[in-house]
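All remarks here apply to the structure that follows.
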Amino acid sequence: MLLTGCFGGRPGGTGDEGANGDPPPGTTAAGAPVIFFTDLSNAPVRGWAGRPDRGAAVSVWGLRLGSARGHAYVSVGGVPLSRDEDYAEWGATERPRTARGLERVTFWLNPDLPLGATTITVTTPAGTSNALPFFTRGEGRIFFLRPDGNDAASGRTPAAAWKTFAKVRELQAGDVLYVMGGRYGPENAAAPDRFVQAFNLDRPGAPHRSIAVVGYPGEEAVLGRCEPGLLYFVRGSSEGSGHVDLSRWVLGKLKVQVRDAVFYLGNNGRGRADALRLVGFDATTCEARAGHGTAFQPEANAGLRDLRFLGNYVHHTGKPLDWQEGDGSGYRSGPLYLGGWGTYEGVTEVAYNEFAYNNGRVQFFGHKQGDALEHLSFHHNWIHHTATPPWSSGAGSVSVVFGDGDPSGSDYVFLREADIYNNLWTDNSGGVRFGGTTGGGNGGELRFFNNTHWHSGFAPTFRDFQFGNAGVVLSNNVVRPRDGDTSGHYGGWTSGAHGPVRGDHNLYWGLNKGVPDWDDPASSREQPPRLVDPEGFDFRPGADSPARDAGRCLPLASPDYLGVPRPQGNGCDLGAFEAAP
Numbered sequence: 027m028l029l030t031g032c033f034g035g036r037p038g039g040t041g042d043e044g045a046n047g048d049p050p051p052g053t054t055a056a057g058a059p060v061i062f063f064t065d066l067s068n069a070p071v072r073g074w075a076g077r078p079d080r081g082a083a084v085s086v087w088g089l090r091l092g093s094a095r096g097h098a099y100v101s102v103g104g105v106p107l108s109r110d111e112d113y114a115e116w117g118a119t120e121r122p123r124t125a126r127g128l129e130r131v132t133f134w135l136n137p138d139l140p141l142g143a144t145t146i147t148v149t150t151p152a153g154t155s156n157a158l159p160f161f162t163r164g165e166g167r168i169f170f171l172r173p174d175g176n177d178a179a180s181g182r183t184p185a186a187a188w189k190t191f192a193k194v195r196e197l198q199a200g201d202v203l204y205v206m207g208g209r210y211g212p213e214n215a216a217a218p219d220r221f222v223q224a225f226n227l228d229r230p231g232a233p234h235r236s237i238a239v240v241g242y243p244g245e246e247a248v249l250g251r252c253e254p255g256l257l258y259f260v261r262g263s264s265e266g267s268g269h270v271d272l273s274r275w276v277l278g279k280l281k282v283q284v285r286d287a288v289f290y291l292g293n294n295g296r297g298r299a300d301a302l303r304l305v306g307f308d309a310t311t312c313e314a315r316a317g318h319g320t321a322f323q324p325e326a327n328a329g330l331r332d333l334r335f336l337g338n339y340v341h342h343t344g345k346p347l348d349w350q351e352g353d354g355s356g357y358r359s360g361p362l363y364l365g366g367w368g369t370y371e372g373v374t375e376v377a378y379n380e381f382a383y384n385n386g387r388v389q390f391f392g393h394k395q396g397d398a399l400e401h402l403s404f405h406h407n408w409i410h411h412t413a414t415p416p417w418s419s420g421a422g423s424v425s426v427v428f429g430d431g432d433p434s435g436s437d438y439v440f441l442r443e444a445d446i447y448n449n450l451w452t453d454n455s456g457g458v459r460f461g462g463t464t465g466g467g468n469g470g471e472l473r474f475f476n477n478t479h480w481h482s483g484f485a486p487t488f489r490d491f492q493f494g495n496a497g498v499v500l501s502n503n504v505v506r507p508r509d510g511d512t513s514g515h516y517g518g519w520t521s522g523a524h525g526p527v528r529g530d531h532n533l534y535w536g537l538n539k540g541v542p543d544w545d546d547p548a549s550s551r552e553q554p555p556r557l558v559d560p561e562g563f564d565f566r567p568g569a570d571s572p573a574r575d576a577g578r579c580l581p582l583a584s585p586d587y588l589g590v591p592r593p594q595g596n597g598c599d600l601g602a603f604e605a606a607p
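The opening position of the sequence shown corresponds to residue 27 in my numbering, with each subsequent residue numbered one higher.
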């Protein structure tokens with residue numbers, strides 16, 4: 027059965043997640059389709075439930091794909107998948123709910139496709155998308171798990187599906203496990219308090235042979251309902267106990283509702299997780315006590331190279347499932363915390379996510395001397411309603427912390443380098459903190475460009491930007507604080523020994539201090555941004571906007587938040603959105 031999803035709007039809550047259903051910003055851009063990422067990066071072309079003509083199911087997320095397939099199709103290695111039976115869903119935005127209103131297409135591979143390094147594209151009547159890299163292979167086992175399955179069965183067909191996540195321990199490099207639709211509870215868990223017990227998961231994937239645990243195509247697997255004793259989806263080891271190697275694992279496309287953490291590798295553990303992909307989750311946590319409830323905590327431990335955190339909708343952390351805006355606050359638990367305890371090597375990519383209604387902030391924050399995050403790429407995310415009133419005790423005055431850390435006897439640089447671009451911030455209690463302010467974990471060289479920062483600041487001390495010890499360059503941004511904010515748009519701490527703060531080509535409005543003294547008065551200005559319809563979630567520059575064609579064209583900034591190539595006019599627009607001429 028081919029399932030479809032809506033193209034534009036966003037429904038309200040379901041009772042499982044809180045009744046807040048903001049529409050995705052600006053999904054009305056016209057033109058050819060664009061695709062951003064896949065769940066699997068490699069997969070077998072045969073092996074689905076014993077069928078010789080069908081391989082693994084692969085999901086791709088993008089925009090302008092359409093709510094129904096019609097004459098559209100996916101191509102793998104230039105070979106079009108033209109039959110309805112090649113697809114499980116087209117244009118889905120639910121089951122599970124997608125981040126940012128992204129549209130999801132799920133299709134099956136088959137043995138007629140070329141093997142090896144290849145690409146995926148999507149073609150609609152409006153044109154053909156960009157190409158994403160992929161790797162097809164002839165071998166690899168496919169398994170299934172369902173709430174009422176049987177661990178004594180083979181797991182190789184939906185009818186013979188396993189029941190508990192304890193079977194994850196049997197997966198080997200190249201295997202894919204599909205979690206079928208339905209609700210999973212303690213009876214499906216591998217241990218009393220966790221679905222996946224990662225203490226002894228020491229079977230890594232291999233190059234082009236990942237191990238994947240993902241949702242079944244076209245169905246929604248719901249893990250937990252915040253039962254008091256069911257604390258984790260994946261729980262690793264701490265303080266040197268056990269051994270974990272989740273290198274080249276893929277986890278995603280699941281709806282997870284647990285109390286403490288969706289993914290927690292543990293502090294000071296001995297494991298690794300190179301090339302780990304966390305993709306397409308609809309995730310919340312419900313624990314409202316100090317020190318609990320942060321949704322994703324992939325600690326570096328013995329090493330974590332090239333982490334990918336893509337397209338996750340992480341929301342209502344630290345609040346009960348039936349939370350409503352008038353219910354008061356929970357605890358300040360955050361959606362994502364990269365806390366060091368080792369080195370994040372290579373490039374850590376956090377992209378296409380939606381962080382919504384969380385009591386706490388996203389944090390890149392070290393804990394001991396020697397911790398490091400070598401290079402962060404933070405782009406195309408929507409961060410909104412972070413720590414909004416009524417506040418919990420210790421409510422965060424910022425929505426994201428880029429580089430800070432606990433003191434450990436001497437100064438150290440945790441976040442070495444970062445590119446932060448094409449992100450949208452809306453209606454957060456506070457803005458962004460750059461660099462260390464607590465005595466350790468100072469930031470390195472941070473580049474913040476082509477972001478739209480809109481309506482933050484619910485209290486005089488909650489500023490749009492706070493600067494610690496880091497070298498920060500802010501370019502091509504649109505900054506509009508909340509009406510009535512008299513705190514100014516920057517402050518808190520000054521730049522320190524690791525580099526100055528400077529800016530260029532930024533557009534400010536509604537501030538009480540004018541263009542900052544660290545910004546370039548020749549290229550930055552204070553002027554109404556005149557966006558199309560921010561109240562209707564359309565943040566593109568209007569026809570008479572001073573943001574049009576006013577920026578520097580920076581290579582990473584194209585395509586924009588909606589996948590529109592830059593420039594569209596005589597120059598590149600300011601902010602996260604590029605307007606058509």
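Quick reminder that beta carbons are idealized off the backbone N, C-alpha and C, glycines included.
Closest by CA to Gly597, which one among Leu291, Ala299, Cys579, Tyr587? Cys579
Jot down the residue ranges of each uninterrupted alpha helix (DSSP H) in the stretch 75-143, minimum 4 residues, whole runs only, in chain order. none
By a C-beta neighbour count over all protein chains shown, 10 Å radius and 16 as the cutoff for buried, is Thr154 buried or exposed? exposed
May I ask you to verify whether the stretch 239-253 touches the stretch 206-224, counting CB pairs closer than 8 angstroms and requiring at least 3? yes
Suppose the cutoff is 8 angstroms on Cβ atoms and the five residues either side in sequence are ignored; what does the same chain contact list for Phe381 look like? Val340, His341, Pro361, Leu362, Val388, Asn407, Trp408, Ile409, His410, Thr412, Ser425
Identity of the residues DSSP links to Gly577 by a beta bridge: Looking at the DSSP assignment, Gly577 forms a beta bridge with Cys598.
Hey, is the stretch 58-68 in contact with the stretch 155-168, meaning 3+ C-beta pairs nearer than 8 angstroms? Per the Cβ contact rule, the stretch 58-68 is in contact with the stretch 155-168 (3 or more Cβ pairs under 8 angstroms).
Which listed residue (Leu450, Gly166, Tyr99, Glu325) has its alpha carbon closest to that of Ala235: Note on identity: in this sequence residue 235 is Arg, with Ala being the wrong assignment. Answer by Cα proximity: Gly166.
Would you identify the three-state DSSP class for Ala523, choosing helix, strand or coil? Caution is warranted here: a pLDDT of 44 is assigned to Ala523, below 50, making its placement in the model unreliable, and the coordinate value is therefore given only provisionally. Three-state result, Ala523: coil.
Start-to-end residues for the beta strand (DSSP E) that takes in Ser571: That residue, Ser571, is in no beta strand (DSSP E); it is neither H nor E in DSSP.
Length of the line joining the Cα atoms of Ala215 and Val288: 13 angstroms
Helix, strand or coil for Arg195 per DSSP? helix
Extent of the continuous beta strand (DSSP E) to which Thr452 belongs: 450-452
Would you check if the distance between the CB atom of Gly568 and the CB atom of Leu600 is smaller than 7 angstroms? no
Determine the extent of the beta strand (DSSP E) in which Pro159 is found, giving its start and end residues. In the DSSP annotation of this structure, the continuous segment of the beta strand (DSSP E) that includes Pro159 starts and ends at 158-163.
First and last residue of the beta strand (DSSP E) that includes Arg506? 504-506
Given Phe169 as reference, the closest of Pro59, Gly329, Gly73, Val148 once Cα atoms are compared: Gly73
Report back the beta-carbon spacing between Val504 and Asp490 to the nearest angstrom; my notes put them in contact at under 8 angstroms. With 8 angstroms as the limit, Val504 and Asp490 do not qualify as a contact, their Cβ atoms being about 11 angstroms apart.
Which same chain residues end up closer than 8 angstroms to Arg182 when comparing Cβ atoms and leaving out the 5 residues on each side of it in sequence? Counting only Cβ-Cβ distances below 8 angstroms, and skipping sequence neighbours, we find Ala75, Gly76, Arg167, Ile168, Phe169, Phe170.
Leaving out five residues on either side along the sequence, give the residues of the same chain with a beta carbon under 6 angstroms from the beta carbon of Gly517. Bear in mind that a pLDDT of 47 at Gly517, under 50, signals an unreliable position, so the model cannot answer this.
Under 7 angstroms, do Val373 and His405 count as touching if we go by C-beta distance? no
Under three-state DSSP, which class holds Gly562? helix
What three-state label does DSSP hand Asn176 in the structure shown? coil
Hey, Gly344 and Gly319 are a contact pair by Cβ (cut 8 angstroms); roughly how many whole angstroms apart? 4 angstroms
Which residues bound the beta strand (DSSP E) around Ala58? No beta strand (DSSP E) holds Ala58; DSSP gives it neither H nor E.
Span separating the alpha-carbon of Phe322 from that of Tyr378: 16 angstroms
To which residues does DSSP link Tyr15 through a beta bridge? In the structure displayed, the chain extends from 27 to 607; residue 15 sits before or after that span and is not available.
Within the same chain, show all residues whose beta-carbon is closer than 7 angstroms to that of Val60, passing over the 5 residues directly before and after it, in chain order. Gly88, Leu89, Arg90, Ser155, Asn156, Pro585, Gly589
Short check: CB of Arg123 to CB of Ser85, under 7 angstroms? no
What are the start and end residues of the beta strand (DSSP E) that includes His405? 402-405
For Pro542 and Asp286, I'd like the C-alpha separation in whole angstroms. 41 angstroms
Just to confirm, are Asn476 and Asn454 a CB contact at a threshold of 7 angstroms? no
Compute the distance between the beta-carbons of Pro560 and Gly536, then report whether it is under 7 angstroms. no
What residues in its chain sit with their C-beta under 6 angstroms from that of Thr132, if we drop five residues either side in the sequence? If we look at Thr132 and ignore the five residues flanking it on each side, its Cβ neighbours are Ala83, Ser85, Ala114, Glu115, Pro243.
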